[in-house]
Amino acid sequence: AAMSRKGRKLLVDSLTRSAKHFSKSEVECLVKLFDTLVAKASSQYAGAGFDRTVFRDTLYSAFGMTDDVVLDRVFSTFDKENRGCITVVEWVEGLAVLLRGTLEEKMKYCFAVYDLNGDGYISKEEMFQMLKDSLLIQPADEEPDEGVKDLVEIALKKMASTYLYVTFLLQDYDHDGKLSFTDFEKAVREENLLLEAFGPCLPDIK
Amino acid sequence: IFSKASSSLEDVGESSSETDEDEQPIRRQEGSTDLSAEYWGIQKLAKYVKGGDPTATVIALCSMRDFNLSEETCQLAIKDTGCLEVLINLLDTEEIKCQTGSLKILKEISQNVLIRHAIADLGGLEIMVKILGSPDTNLKCLAAETIANVARFKRARKTVRQHGGIKKLVELLESISVGSSYQAKDIETARCAALALWSCSKSTRNKKAIRKAGGIPLLARWLKCSHTNILIPIVGTLQECASEPSYRLAIRTEGMIEDLVKNLSSEHEELQMHCASAIFKCAEDEEIRDLVRKHEGLQPLSALLDNSENKQLLAAVTGAIWKCAISRENVLKFQEYKTVETLVTLLTNQPEEVLINVIGALGECCQEEENRGTIRRCGGIAPMVQLLTATNQALLVNVNKAVGGCAMDPENMLIIDSLDGVRLLWSLLKNPNPDVQASAAWALCPCVENAKNSGEMVRSFVGGLELIVNLLKSKDKEVLTSVCAAIANIAKDQENLAVMTDHGVVPLLSKLANTNNNKLKRHLAEAIAHCCMWGSNRVAFGEAKAVAPLARYLKAKDPLVHRATALALYQLSEDPNNCIIMHENGVVKLLLAMVGSTDDALQEAAAGCIANIRRLALATEKAKYG
Numbered sequence: 444a445a446m447s448r449k450g451r452k453l454l455v456d457s458l459t460r461s462a463k464h465f466s467k468s469e470v471e472c473l474v475k476l477f478d479t480l481v482a483k484a485s486s487q488y489a490g491a492g493f494d495r496t497v498f499r500d501t502l503y504s505a506f507g508m509t510d511d512v513v514l515d516r517v518f519s520t521f522d523k524e525n526r527g528c529i530t531v532v533e534w535v536e537g538l539a540v541l542l543r544g545t546l547e548e549k550m551k552y553c554f555a556v557y558d559l560n561g562d563g564y565i566s567k568e569e570m571f572q573m574l575k576d577s578l579l580i581q582p583a584d585e586e587p588d589e590g591v592k593d594l595v596e597i598a599l600k601k602m603a604s605t606y607l608y609v610t611f612l613l614q615d616y617d618h619d620g621k622l623s624f625t626d627f628e629k630a631v632r633e634e635n636l637l638l639e640a641f642g643p644c645l646p647d648i649k
Numbered sequence: 002i003f004s005k006a007s008s009s010l011e012d013v014g015e016s017s018s019e020t021d022e023d024e025q026p027i028r029r030q031e032g033s034t035d036l037s038a039e040y041w042g043i044q045k046l047a048k049y050v051k052g053g054d055p056t057a058t059v060i061a062l063c064s065m066r067d068f069n070l071s072e073e074t075c076q077l078a079i080k081d082t083g084c085l086e087v088l089i090n091l092l093d094t095e096e097i098k099c100q101t102g103s104l105k106i107l108k109e110i111s112q113n114v115l116i117r118h119a120i121a122d123l124g125g126l127e128i129m130v131k132i133l134g135s136p137d138t139n140l141k142c143l144a145a146e147t148i149a150n151v152a153r154f155k156r157a158r159k160t161v162r163q164h165g166g167i168k169k170l171v172e173l174l175e176s177i178s179v180g181s182s183y184q185a186k187d188i189e190t191a192r193c194a195a196l197a198l199w200s201c202s203k204s205t206r207n208k209k210a211i212r213k214a215g216g217i218p219l220l221a222r223w224l225k226c227s228h229t230n231i232l233i234p235i236v237g238t239l240q241e242c243a244s245e246p247s248y249r250l251a252i253r254t255e256g257m258i259e260d261l262v263k264n265l266s267s268e269h270e271e272l273q274m275h276c277a278s279a280i281f282k283c284a285e286d287e288e289i290r291d292l293v294r295k296h297e298g299l300q301p302l303s304a305l306l307d308n309s310e311n312k313q314l315l316a317a318v319t320g321a322i323w324k325c326a327i328s329r330e331n332v333l334k335f336q337e338y339k340t341v342e343t344l345v346t347l348l349t350n351q352p353e354e355v356l357i358n359v360i361g362a363l364g365e366c367c368q369e370e371e372n373r374g375t376i377r378r379c380g381g382i383a384p385m386v387q388l389l390t391a392t393n394q395a396l397l398v399n400v401n402k403a404v405g406g407c408a409m410d411p412e413n414m415l416i417i418d419s420l421d422g423v424r425l426l427w428s429l430l431k432n433p434n435p436d437v438q439a440s441a442a443w444a445l446c447p448c449v450e451n452a453k454n455s456g457e458m459v460r461s462f463v464g465g466l467e468l469i470v471n472l473l474k475s476k477d478k479e480v481l482t483s484v485c486a487a488i489a490n491i492a493k494d495q496e497n498l499a500v501m502t503d504h505g506v507v508p509l510l511s512k513l514a515n516t517n518n519n520k521l522k523r524h525l526a527e528a529i530a531h532c533c534m535w536g537s538n539r540v541a542f543g544e545a546k547a548v549a550p551l552a553r554y555l556k557a558k559d560p561l562v563h564r565a566t567a568l569a570l571y572q573l574s575e576d577p578n579n580c581i582i583m584h585e586n587g588v589v590k591l592l593l594a595m596v597g598s599t600d601d602a603l604q605e606a607a608a609g610c611i612a613n614i615r616r617l618a619l620a621t622e623k624a625k626y627g
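Chains as they are written, first to last, in the numbering used here: chain B, 444 to 649; chain L, 2 to 627.
Okay, here's the thing in structure tokens:
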């Protein structure tokens with residue numbers, strides 16, 4: 444349903460405040476873009492938002508993001524109300540973090556993306572899920588999953604505080620291997636490169 | 002003349018204490034053949050760097066930094082597992098996170114000399130230079146700082162230049178405006194770019210390249226900033242480049258001396274040291290010496306002498322004082338600050354690099370009469386004479402000059418003589434280094450002149466006269482000049498002159514007559530003048546064909562040459578054959594012009610010589626016509 448001029452102005456003002464990182468004219472552009480996307484989407488949501496497919500296409504064409512697992516998760520973080528569609532508010536506020544978020548906001552966002560089941564921890568299994576296609580060259584004599592499992596161990600060792608360090612020659616792991624947000628935050632503050640440790644979920648500078 | 006003694010300059014003020022490692026460094030043999038635990042750990046991670054996508058690569062790179070990358074076992078493990086190549090290949094991708102992760106490691110391990118050479122061999126430098134143009138600030142800083150580490154050897158520095166690295170580094174420095182409101186990343190960029198330039202500036206061609214890229218006004222600009230960790234590499238670069246006259250000119254004209262002097266009072270000893278080193282190098286120029294004084298730099302320099310713990314700083318400061326003391330007005334200033342007294346305390350228990358400069362400074366200060374007495378009163382003569390037994394040639398050159406300077410005071414001379422100082426100087430005439438020989442000979446002049454019972458003293462040195470006469474066979478101009486000066490003094494004693502004549506001093510001096518060097522002409526003429534006063538030496542000089550060349554000396558432009566030549570010709574003109582030769586060589590006309598000189602000695606000698614020639618001419622006339 445088309446919004447009245449006054450309604451729209453109120454929306455833009457309120458979004459400019461809540462999203463914090465955009466100017467009013469930038470918010471206006473984003474709202475216009477939103478309308479275009481809604482028009483493209485199916486009318487399933489009666490113009491209130493657009494769905495996962497449109498979202499993924501947009502992020503791909505705008506930022507070159509291709510990882511399906513990640514894109515799915517990004518959609519879920521945007522879709523705060525869990526309705527299967529992105530509203531204009533979710534759209535603008537989500538993009539604010541993506542494009543101009545402070546380190547704190549980005550850390551929370553990335554963690555949420557990687558926390559596949561939303562339980563507040565990134566578990567070994569979740570890491571495995573996200574990294575399983577990351578090994579392009581497998582040594583011939585190794586089982587295909589061994590390499591990824593090792594990589595998960597490496598990541599855990601680097602970032603988790605509850606992980607017991609064991610030398611590489613022993614294969615005995617502590618089951619309790621998972622990352623809390625505190626772990627993640629600490630690791631990223633020490634080394635910014637680990638912000639997107641489990642897959643690119645932020646747009647590139649280029 | 003004694004600038005050769007600045008060979009200690011290379012060691013002063015360089016933060017890397019290594020000497021230049023141009024040859025391929027040799028790997029130390031490991032004790033055991035077992036590969037270290039680090040090796041296996043790194044190899045495991047290398048697998049992901051080689052075979053993983055950017056996400057896996059970044060995880061592995063971050064993990065690799067948990068190893069102690071400053072330890073040689075880790076550094077070499079990275080090289081031996083083939084990981085180094087991979088790290089460099091990563092630099093060549095467009096993946097900023099991978100490039101960043103890789104550079105963070107390369108920056109650490111490039112502290113190792115073997116790794117540096119390997120990075121250069123693998124083409125890593127070219128890629129790092131390219132990265133200097135990246136839009137990512139963090140990446141640029143890492144690249145610059147890594148270049149600073151790798152460029153510690155000549156070939157690497159050349160590579161940086163050949164790939165346009167110098168230009169890019171200068172542009173980096175230029176891109177940040179020096180103002181009061183910096184962002185942290187601007188400070189970091191400036192610091193890293195300056196570090197890289199400093200490393201690169203150690204090669205002469207790079208010094209030129211920096212200048213051509215417009216680097217000098219930038220250095221001047223950044224010299225005014227207040228961040229110590231930017232200032233240190235900036236001053237380091239200036240100090241390095243100050244060996245080039247074009248830089249010294251700019252340092253003078255762009256007001257940099259003021260900033261250098263200001264930073265002498267910094268709290269950071271490293272910065273103080275580099276400022277002092279820069280002044281040390283620049284003060285070769287008289288104008289700079291004056292500027293240092295005008296900007297009140299002499300006082301802080303003198304004050305820094307009290308900090309005798311930091312030997313590098315002390316060496317730099319004493320060096321700066323030494324060179325500044327070449328100017329008389331500066332010496333007078335130093336007297337106000339009691340610098341000479343402090344320097345004397347530094348004559349003992351100091352490393353060589355400090356001693357060379359301390360003694361150099363005292364040598365310059367001795368040019369002022371008052372200081373010769375000060376040195377004596379502070380008990381400085383004895384340690385100085387003691388240093389005549391040193392083996393370091395740069396040190397000896399300076400000691401000789403200082404002892405010579407002190408010897409101009411007769412009271413000092415007593416002490417020097419009692420400590421056997423003259424004999425020590427004389428034996429330095431045997432030193433293989435011509436600079437040492439020359440400086441010893443110069444020092445002997447005042448010694449011979451001022452010692453009590455000088456003639457006897459000289460005779461007491463066994464083989465001494467033969468030794469010094471034989472030095473007339475040297476090929477070194479300075480040696481010849483100084484020896485002539487010494488012989489002129491020694492010849493004032495008749496007995497010694499006789500002995501020197503026996504050793505062939507006349508033909509040896511005559512052989513030197515055909516020279517273009519005014520200083521040599523002057524002292525040679527003086528020597529000849531004094532050597533005439535024995536037996537038939539006047540005739541011998543004539544027979545040795547010394548007269549005609551001497552006559553030509555009168556055409557030189559130097560008044561000191563005229564005086565010495567006139568003296569010599571006057572003595573030689575006592576012999577009629579010499580008069581004929583002089584007449585044939587148009588001496589009379591030239592001498593006539595000098596008869597009106599304000600220099601009394603010249604006047605008298607010229608007149609006397611002309612008189613002798615005329616007398617002979619008259620006698621000849623009479624003999625002809627009866």
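No residue lacks a Cβ here, since even glycine has one placed at the ideal position from N, Cα and C.
Nearest Cα to Gly450 (chain B) within the set B:Val474, B:Glu633, B:Lys567, B:Val517: B:Val474. Residues of chain B whose Cβ lies closer than 9 Å to the Cβ of Asp67 (chain L) are, in chain order, Lys600, Lys601.
A distance below 9 Å separates the beta carbons of Ala487 (chain L) and Ala442 (chain L).
Under the Cβ distance rule, Glu568 (chain B) does not count among the residues neighbouring chain L, no pair being separated by less than 9 Å.
By the criterion of a C-beta distance shorter than 8 Å, Asp522 (chain B) is surrounded in its chain by Cys528, Ile529, Glu533, once the five residues flanking it on both sides are discounted. Counting along the chain, Ile116 (chain L) sits inside the alpha helix (DSSP H) bounded by residues 114–122.
Of all residues in the segment 621–643 of chain B, the ones placed with a Cβ closer than 8 Å to any Cβ belonging to chain L are Glu634, Leu636, Leu637, Glu639, Ala640, Phe641, Gly642, Pro643, in chain order. For Ile565 (chain B), the enclosing beta strand (DSSP E) stretches over residues 564–566. The three-state reading of DSSP puts Ile177 (chain L) in coil, since its state is none of H, G, I, E or B. According to the DSSP secondary-structure assignment, Phe493 (chain B) is paired through a beta bridge with B:Ile529. Contact fails between the segment 431–440 of chain L and the segment 410–419 of chain L, because fewer than three Cβ pairs, one in each stretch, are under 8 Å apart. Exclusion of the five residues before and after Gly406 (chain L) leaves Gly364, Cys367 as the residues of its chain whose Cβ lies within less than 6 Å of its Cβ.
Neighbourhood of Ile580 (chain B) in chain L, by CB distance below 9 Å: Lys48, Lys51, Gly52, Gly53, in chain order. At a cut-off of 9 Å between beta carbons, Ile529 (chain B) makes no contact with chain L.
Taking the Cβ atoms as the reference, Lys213 (chain L) lies roughly 12 Å from Glu245 (chain L), outside the contact range of under 8 Å. An exposed status is given to Leu619 (chain L), since fewer than 16 other beta-carbon atoms sit within 10 Å of its beta-carbon. In this structure His118 (chain L) is buried. Its beta-carbon is surrounded by 16 or more other beta-carbon atoms within 10 angstroms. The continuous alpha helix (DSSP H) containing Ser440 (chain L) extends over residues 435–451. Rounded to whole angstroms, the gap between the alpha carbons of Gln336 (chain L) and Arg329 (chain L) is 11 Å. Nearest in C-alpha terms to Leu574 (chain B), of all of L:Thr56, L:Leu573, L:Thr138, is L:Thr56. Counting every other CB atom within 10 Å of its CB across the protein chains shown gives Pro218 (chain L) a total below 16, marking it as exposed. Leu593 (chain L) is positioned such that its CB atom lies closer than 9 Å to that of Ala607 (chain L). Contacts between Thr101 (chain L) and chain B, judged by CB atoms closer than 9 Å, involve Asn635, Leu636 in chain order. A distance of 9 Å or more separates the beta carbons of Lys549 (chain B) and Leu453 (chain B). At least one beta carbon of chain L lies nearer than 9 Å to the beta carbon of Leu594 (chain B). Annotation: the continuous alpha helix (DSSP H) that includes Ser519 (chain B) extends over 511–521. For Asp588 (chain B), not one C-beta of chain L is nearer than 9 Å to its own C-beta. Residues of chain B whose Cβ lies closer than 8 Å to the Cβ of Ile79 (chain L) do not exist, since the nearest Cβ in that chain is about 16 Å away.
With fewer than 16 other Cβ atoms from the protein chains shown falling within 10 Å of its own Cβ, Leu579 (chain B) counts as exposed. It is roughly 26 Å from the alpha-carbon of Ala197 (chain L) to the alpha-carbon of Phe68 (chain L).
By the CB criterion at 9 Å, Ser71 (chain L) and Gln44 (chain L) fall outside the cutoff.
For Ser623 (chain B), the enclosing beta strand (DSSP E) covers residues 621–623. If you check the CB distance, Ile565 (chain B) and Phe627 (chain B) come in under 9 Å. For Val236 (chain L) against Cys283 (chain L), the beta-carbon gap comes to about 12 Å, at or over 8 Å, which does not count as contact. In the DSSP assignment, Asn350 (chain L) falls outside any alpha helix (DSSP H), carrying neither H nor E.
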